[in-house]
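Numbering (the working numbering), first residue to last: 172 to 282. Take a look at the structure below.
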């Protein structure tokens with residue numbers, strides 16, 4: 172067996188890994204499939220915002236915003252920080268940031 176074939180076999184993920192990665196990607200795509208959740212993530216790109224700031228920026232009721240934020244939090248796309256009675260949201264981790272940056276470059280290249 173050649174070294175190239177051996178290296179390729181080592182880098183090919185197993186079926187179990189592919190299934191796990193596909194399930195994780197599907198969860199991410201489900202979270203992003205809602206226009207309001209996508210807008211929330213766009214607003215949070217590169218900055219932290221309070222729930223009140225997000226509410227003023229989006230045309231959503233407080234209840235609807237809270238539901239969308241809960242989905243994003245449960246899917247690991249946003250994180251929270253509490254300061255007194257104010258809750259601040261920001262993007263969580265590299266995955267969320269990279270996805271939003273990619274979408275921004277594709278759909279808002281001049282912004």
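Built from N, CA and C at the ideal position, the CB exists for glycine as well. None of these values were measured; they are calculated from a predicted model.
Distance between residue 232 and residue 251 (C-alpha atoms, nearest Å): 20 angstroms
Residue 211 beta carbon less than 8 angstroms from that of residue 132: Examination of residue 132 is not possible in this model, given that the chain is present from 172 through 282 alone.
Residue from 280, 277, 271 and 214 whose Cα sits closest to the Cα of residue 260: 214
DSSP state of residue 185 mapped onto helix, strand, coil: coil
Residue interval of the beta strand (DSSP E) (run including residue 215): Residue 215 -> no beta strand (DSSP E), and no H or E assigned at all.
Inter-residue Cα distance where the pair is residue 264 and residue 248: 7 angstroms
Distance CB(residue 277)-CB(residue 271) smaller than 8 angstroms: no
Residue environment, residue 266, which counts as buried when at least 16 other CB atoms sit within 10 Å: exposed
Nearest to residue 220 (by Cα), restricted to the options 279, 280 and 240: 240
Residues near residue 209 in its chain [Cβ-Cβ closer than 8 angstroms; skip 5 each side]: 203 and 274
As assigned by DSSP and simplified to three states, the class of residue 256: coil
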